[in-house]
Every structure is written in C-alpha cells, then in structure tokens.
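Residue numbers (our numbering), protein chains in the order written: chain A, 1 to 381; chain B, 382 to 762.
Data first, discussion second: the structure below is written as structure tokens.
There are 2 protein chains.
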Amino acid sequence: MNPAVVSTGGSLIRALNARKKATSIDLGLGEPTLAPDIAYFEEAVRWVAEHGCHYTANVGDAHLRAAIARYYDYPAMRAAENVCITTGSQEALYVVVKTMLDPAKDELLLVEPAFSVYDKLAAVEGIALQRVSMPAQTGFAFDAQRILEALTPRTRLILICSPCNPTGRVVSRAEVAKITRALGERGGAPIYILHDEIYRELVYTEDAGSFGESYPYTIAINSLSKSNALTGLRIGWFMAPSEAMGELVKMHSWATSCASTVGQVIAARIFAEEALGVQQPWYAAARDAAMSAARDAGLPYVVPDGAFYLCVDVGVEDDVAFAYRLIDECDVVAIPGSNFGSASRGWLRTSFVGPPEALREGFTRIASLRATYEGAVRPNG
Amino acid sequence: MNPAVVSTGGSLIRALNARKKATSIDLGLGEPTLAPDIAYFEEAVRWVAEHGCHYTANVGDAHLRAAIARYYDYPAMRAAENVCITTGSQEALYVVVKTMLDPAKDELLLVEPAFSVYDKLAAVEGIALQRVSMPAQTGFAFDAQRILEALTPRTRLILICSPCNPTGRVVSRAEVAKITRALGERGGAPIYILHDEIYRELVYTEDAGSFGESYPYTIAINSLSKSNALTGLRIGWFMAPSEAMGELVKMHSWATSCASTVGQVIAARIFAEEALGVQQPWYAAARDAAMSAARDAGLPYVVPDGAFYLCVDVGVEDDVAFAYRLIDECDVVAIPGSNFGSASRGWLRTSFVGPPEALREGFTRIASLRATYEGAVRPNG
Numbered sequence: 001m002n003p004a005v006v007s008t009g010g011s012l013i014r015a016l017n018a019r020k021k022a023t024s025i026d027l028g029l030g031e032p033t034l035a036p037d038i039a040y041f042e043e044a045v046r047w048v049a050e051h052g053c054h055y056t057a058n059v060g061d062a063h064l065r066a067a068i069a070r071y072y073d074y075p076a077m078r079a080a081e082n083v084c085i086t087t088g089s090q091e092a093l094y095v096v097v098k099t100m101l102d103p104a105k106d107e108l109l110l111v112e113p114a115f116s117v118y119d120k121l122a123a124v125e126g127i128a129l130q131r132v133s134m135p136a137q138t139g140f141a142f143d144a145q146r147i148l149e150a151l152t153p154r155t156r157l158i159l160i161c162s163p164c165n166p167t168g169r170v171v172s173r174a175e176v177a178k179i180t181r182a183l184g185e186r187g188g189a190p191i192y193i194l195h196d197e198i199y200r201e202l203v204y205t206e207d208a209g210s211f212g213e214s215y216p217y218t219i220a221i222n223s224l225s226k227s228n229a230l231t232g233l234r235i236g237w238f239m240a241p242s243e244a245m246g247e248l249v250k251m252h253s254w255a256t257s258c259a260s261t262v263g264q265v266i267a268a269r270i271f272a273e274e275a276l277g278v279q280q281p282w283y284a285a286a287r288d289a290a291m292s293a294a295r296d297a298g299l300p301y302v303v304p305d306g307a308f309y310l311c312v313d314v315g316v317e318d319d320v321a322f323a324y325r326l327i328d329e330c331d332v333v334a335i336p337g338s339n340f341g342s343a344s345r346g347w348l349r350t351s352f353v354g355p356p357e358a359l360r361e362g363f364t365r366i367a368s369l370r371a372t373y374e375g376a377v378r379p380n381g
Numbered sequence: 382m383n384p385a386v387v388s389t390g391g392s393l394i395r396a397l398n399a400r401k402k403a404t405s406i407d408l409g410l411g412e413p414t415l416a417p418d419i420a421y422f423e424e425a426v427r428w429v430a431e432h433g434c435h436y437t438a439n440v441g442d443a444h445l446r447a448a449i450a451r452y453y454d455y456p457a458m459r460a461a462e463n464v465c466i467t468t469g470s471q472e473a474l475y476v477v478v479k480t481m482l483d484p485a486k487d488e489l490l491l492v493e494p495a496f497s498v499y500d501k502l503a504a505v506e507g508i509a510l511q512r513v514s515m516p517a518q519t520g521f522a523f524d525a526q527r528i529l530e531a532l533t534p535r536t537r538l539i540l541i542c543s544p545c546n547p548t549g550r551v552v553s554r555a556e557v558a559k560i561t562r563a564l565g566e567r568g569g570a571p572i573y574i575l576h577d578e579i580y581r582e583l584v585y586t587e588d589a590g591s592f593g594e595s596y597p598y599t600i601a602i603n604s605l606s607k608s609n610a611l612t613g614l615r616i617g618w619f620m621a622p623s624e625a626m627g628e629l630v631k632m633h634s635w636a637t638s639c640a641s642t643v644g645q646v647i648a649a650r651i652f653a654e655e656a657l658g659v660q661q662p663w664y665a666a667a668r669d670a671a672m673s674a675a676r677d678a679g680l681p682y683v684v685p686d687g688a689f690y691l692c693v694d695v696g697v698e699d700d701v702a703f704a705y706r707l708i709d710e711c712d713v714v715a716i717p718g719s720n721f722g723s724a725s726r727g728w729l730r731t732s733f734v735g736p737p738e739a740l741r742e743g744f745t746r747i748a749s750l751r752a753t754y755e756g757a758v759r760p761n762g
C-alpha cells in the first residue's frame, strides 16, 4: 500500500454524517437542496439520441470550453485551450495540486479557514504545506498582508477559496490587488494562485475579487455543483494560462480520461443561456433568514459575503466533542470549525440550504447546548 | 511542476488521431460506434425530476454496488462494500495503481502487450515497473509460466487485461488456475492481481478465465463503456477484497469525490435488466467479417477471443513510421503494435467497431503499403 494514502486521514464530515439519524436537523450539508432545471436533462437525452454517448476529447468538449472561457473572460485564459473539463471541481483540485508542484522542493500555501480536503491532497502527494490563518477577531476577513508575509522562498502555489468554505467571506478587489501587485514585483519563478471559485455565483456583495481578472498566473477552479444544484452532475473545470495546460491536461487524462459527455452537454446549455446565477436570489433570502435566526438564538456569527454557510461561535475548546454531543443529544448536525483550520476552532459551520424553520430550531438547540456545556471554553472564546 | 508528470509522455494514439482527415478510414478507434439504448437515459431524467441530482456517497450508490457485486459473484467480493463506482475504468485504474503500491519498494508487473496507459500510471506515481511479454510466436497467448517467472521479491501487483487490448486474447481458465495456485503457494505478503476486465462482455470463446472467481487477492476493474456503447457515461468500478477497500475509497474520494449520479442511475437500470451482453452478437458478426477481410487482403492476424480488435502483422521494424505513412499516404488510421509493448512491434491494432466495407478497404490499403514498403522488416517479421 502507498504509505501517503494510508497515513492521510479520512473525512471528519463523513464520520459526523454517519451518526446522523432520520430525525436529525442537518446543518452540515455542503450541497444545495434546490432542484435543478430538468429541461437541460431532457435536452441532453435528445442530444444523446442523435449523437450517442461517446468520449469527448480528454480536455473536454470544445464548444463548452469556449463558452466557459468567454463567460469568465479572464485576460490570461480567454481561449477554449485555457479550459479543461473535469469530474467536478474535486478532480480539478487534485490535478492542479498534483501537477503544479514538485514534491521534492515546492510548498503549497493554504489560506485558512479552508475546505478540509485541501491539506489532504497535499499530504497524499507528499507536498510540503504552509498554512496562514485569517483570524476570527476580524471575522476571518482575507488579509493580503498576512498572506504575503507567509510566503517562503519555496512557495509555488497559493490556494485560496473565495467565497470561502466555511466562512462565507469573499476576498475584496483591494486585497486581490495588493496580493497580485506584490507577487508581480517579486521577480523569479512565478507563484501561481489557485483560486477555488466554486461559490462564485452565490455572492451577496458588490466587492468580490477574482484573481483571474488581473493576475496572469491564476488557475481558477469552478463547477456547476453549487450554482445550479448539480453536485451529482460531476462537471467542473480548471482554467489556466496556456503554458501550464499541457501538463495539467495530461495528468487529467490519466486520472479520469474525460468528463461525462451527458454532463458536458447539460453544462453547454447552461452556459449558452447564461443561467449560472439563476438561483442566487433564493440563497440571498435564505442568508437573511439564517442571520436573523442566529441573532434570535444569541449566537455570534460572521456575516457571509458569499456561499451558503453561516459560521456561528460556540466558543468551546473541543468543538469536535461539542459537535458529537450536538448530534447525539440534540439531534443536530453541524461541522466543527477546527475541521477547517486552527483559527475557526470553537466555531460551527452551518449551512442555510435547508428550510428556514429547521435552521431556526437547530440554532435554538445549539444555543441551548452551549449554555449548559461544561467543557472548556476556547482561550479566545 | 511535478517532474514525474512532466517526464511521462503523452498518448501516441492521440497524436496519430490528430493527423486524421475527414476522409480517413479510422481503424484506430477504441470505442463502440453502436448507439446506446436511449430508454435508460429517459428513465434517468424521470429519476432526476423526482430526486434531484445530488452527490452519491463517495463510494457510490449502494443499490448499484450491490447489483454489481451480485452480477459478478466473485467469492472474495460478494457484498456492496466490495464495490466502488468510479469515473470510468480509467479512474479505477489510477486509484488502484496509486493506492496498492508503495513507490519506495513495490513493483508492478505488467503483462504485455497491454493498453498503453498502464505504464504511464506507474511512471507518474514513481512506481517501479517490470514487463513480461506474451510473444507473437504463440499469438500473444497468455502464458502462466512466463508470468510467474517474471515475479521478483518486490512484485506486489500484477496487471492483466483480459480480454486483451490490443491482442483480443483471453486468459484461459487453466492459465488462471496455474497462476493463482502458484501465487497461493508462495507464502509471505500476498501479490494482488489487477484484472482489467473492460472487454469481459465481448468474448467469443467458452474458455474465458476471471481471476476474481478463484483468487481472493484480485482487484477487478470494469465499466459500461465497451459493453453498452457508453464511453461518454464515465461509469466504471473497481471490486476489491474488504481489507483493501478503505484505502482505495479514500484515494477515490480525493481524486473525484464521487461518480456521476445520472450515470449511476443508468448503470443501475442496466444491471437490473442484466443488459450488459446485449450487443455481443453484433461484435461477433463484425469479428467474423474482420477476419475474413484480413484473410482476403493476405494480412496475417491473431484470432481474437474477445474485445473488438484485430491485430494484423505488417512485419516492419518501425511500425510508428509505417502508421504515419499509412495515414498520410493511404488515409487509414491504425495503431502501431509497439505502442503496446515490444512483443507486438511490427503489428497494427485495428478495430472492428466500424462498417465492414471500410475495414475491408482499410486492410486492402494496409496490404498494399506493406507490399511496396521499403523500410526495414522486423527481425522476426
């Protein structure tokens, strides 16, 4: 067996979900509960009836790739050749981390709090990882200065998820400008930025920065999973400058050959109709309801700029133990903040994808467990 | 960049295909030209309309996995927990090779001629590879003795594709028994067999061995791509004994999270109707036509026991140069045998998935180029 696989831990979220009961209020969900537009599926079936269900090129369907490049219009990746279709954003993440770094000498800088699979990808590839935390005291706001100070001579890739899972914070245009200006002035081999934009269509601010708009060494990752309630479609993509595409696509072809043809046909229809943001108003209303429920329950929270998560502060030292008690005693699933890095220890990630009344009841139970909780409080809690 | 990715070559087949013209007779195809049954797609759309398009569990849908385990009925992997659904057999191959071997000390033994991506997977993971060739003199027949003699103390995985791409040969029950008996008598850490069975449903012999039927350390890989003309569905799977599943599924979850939900719904319908072999008679007829056309063109060939390839002997030293001339001067695409290992150098892999008259014309042109070819002949050609 490969010792890097064996020694890298599994998913805490999956372990928590395994304790879930049929009656549970599930605030741990990482996917939409909305229904996708079935018309796209019907069109795809007509397409298959006419064309069959063959492989696409490894890199993906040329028309879809051109449509994606056009939609984002990032200066360094405006052509179809800058886009590769993958099996969800998960495969895109894996391929980029594996390909862009030399395990013998390069480092990945991970901006935390962050999706808990990023560090595992580095671990399984034997890639050295540095972490830089955006502190709870500033509501986990992205801070260019902190990120830049964490660079080392070995840093070759910075991984940023914005809108952020779990915090919901978005990197502002000003912070993007500070980071890209400093990176541009460094000289030497470029430091790439891997911008995971999977929640890009779900933002509630005018000031959402995108590294692809100004930084030529950006690799952007996205999918239709969150924007269009299509997690099960498994269609994602990475966009990268031309000089990186050859190696990235080669690695992608070994990992999965190519993405689902049916999924790519559906994706092409969605891009043709520019229907990526259609569900955003639903999430904006759900976010308002979530913040209102947290206030009513007396739970401190971070105002999310994007995504569909509300991080609430329960101020405990051992948030994993708290989360297990929350399931076992209160029948509520929420994800402990320490799962996403040390800065969010003592917080819980809740998601507002479900019915508002369930969220309200869930928050009441969280506040109630917190009020009677006899465990240690977090030093800064 | 990761030097293992950079230094591992891309696909010769893709490079050849890039030279293809609209008028070309394409005997290089590695996928069916038949249409899939559209009814499964229509049912899947009704399913999505009712259930949405959510993630499945990382390991795949439980009902589909149980159906697959039941269908194959391999003694060491009879439960749903022994099956993981992947993005085609390509992801299954990648995950198994990456997870089952320790690059620091283990070796993969590859039985050649073999699908040209296997050795690249080992290379990109830094895994030492030994090759053992089934010789042309015996029609590339699988030979247990040769395979067993190639084992070293470091061999931990033997990779066998049967029915074989490119030769079409099938490992017989007797050869399977010889191999598994010898492996069972060795003692020490088990040597796993990775049996790529992707052409399992397309066999033309009663004597097709399956390692899963008798050897408990078998990992079997398959997909619906070839059996049901569904290469673009991207649904494959690996089956493994229970002790290996945890690590394999973990690696799978990092690579792609989970396979397409729509694809899994379609797959479940196909297994429920036991519709995996429905297209076999078409291929059996196409195989007869292909052998007849090769005979008429005077091209020596290996009688295929399975799959949809006919290997024909053109007896040249540089079969890559021959294949390029075949495209450029004769407008015929065929894959040079050296792409699959040294034993098949000087041969061409042709596929009989297309119209018989095109195959007949293609063989005539191959024979004609061979007759006038002034390049060196293969030492044994």
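Even glycine gets a Cβ: it sits at the ideal position worked out from N, Cα and C.
In the three-state DSSP reduction, M515/B falls in the coil class, being neither helix nor strand. Think of a sphere of 8 Å around the beta carbon of A503/B: no beta carbon from chain A falls inside it, the nearest being about 11 Å out. The Cβ neighbour count for G126/A, taken over all protein chains shown within 10 Å, is under 16; the residue is labelled exposed.
The beta carbon of K479/B lies closer than 7 Å to those of E506 and M632 in the same chain, with the five residues before and after it left out. Chain-order list of chain B residues neighbouring R186/A: empty, with the shortest C-beta distance near 19 Å, by a criterion of under 9 Å. For S553/B, no beta strand (DSSP E) encloses it, and the DSSP letter there is neither H nor E. Per the Cβ contact rule, the region 252 to 266 of chain A is in contact with the region 472 to 486 of chain B (3 or more Cβ pairs under 8 Å). One alpha carbon belongs to D700/B, the other to Y690/B, and they sit about 17 Å apart. When Cβ-Cβ separations below 9 Å define contact, W663/B makes no contact with chain A. Sequence-distant partners of E594/B (beyond 5 residues in either direction) whose C-beta falls short of 7 Å from its own C-beta, in its chain, are Y455.
Between the alpha carbons of L157/A and A485/B lies a distance of about 26 Å.
A Cβ-Cβ contact shorter than 9 Å links A430/B with I38/A. Taking all protein chains in view, the Cβ of Q645/B is crowded by 16 or more other Cβ atoms within 10 Å, so the residue is classified as buried. Shown here for D694/B: same chain residues with a beta carbon closer than 6 Å to its own, the five before and five after excluded, namely P681 and W728 in chain order. In the three-state reduction of the DSSP assignment, L233/A falls in the helix class, which pools H, G and I. The beta carbon of I158/A sits no closer than 9 Å to any beta carbon of chain B.
By the CB criterion at 9 Å, A525/B and R550/B fall outside the cutoff. A460/B sits close to A447/B, with the two beta carbons spaced by under 9 Å.
In this structure, the CA atom of A702/B is about 10 Å from the CA atom of D709/B.
Put simply, the region 406 to 417 of chain B touches the region 733 to 749 of chain B. At least three CB pairs are less than 8 Å apart.
Residue state for P456/B is assigned as helix, using DSSP reduced to three classes. E81/A is not a Cβ neighbour of S253/A, given a cutoff of 9 Å. The Cβ atoms of G441/B and V464/B sit closer than 9 Å to each other. The beta carbon of T414/B sits closer than 9 Å to some beta carbon of chain A. DSSP places R156/A in the uninterrupted beta strand (DSSP E) bounded by T155 to C161. Under a criterion of Cβ atoms nearer than 7 Å, no residue of chain A is adjacent to Q660/B; the nearest Cβ is some 13 Å distant. Under DSSP, no beta-bridge partner is assigned to P571/B. With respect to G590/B, A558/B sits close: the two C-beta atoms are nearer than 9 Å.
About 6 Å separates the CB atoms of L605/B and I651/B; that is less than 8 Å, so the two are in contact. At a cut-off of 9 Å between beta-carbon atoms, L194/A makes no contact with chain B. By DSSP's assignment, W728/B forms a beta bridge with D694/B. Classified as buried, A122/A has 16 or more neighbouring CB atoms from the shown chains inside 10 Å of its CB. For the set A334/A, A189/A, R349/A and R378/A, the Cα lying nearest the Cα of M100/A is the one of A189/A. Under DSSP, no beta-bridge partner is assigned to F592/B. Listed along chain B are V426 and V429, each with a C-beta nearer than 7 Å to that of F41/A. Sorting R427/B, L491/B, D712/B and R535/B by C-alpha distance to the C-alpha of D577/B places L491/B at the top.
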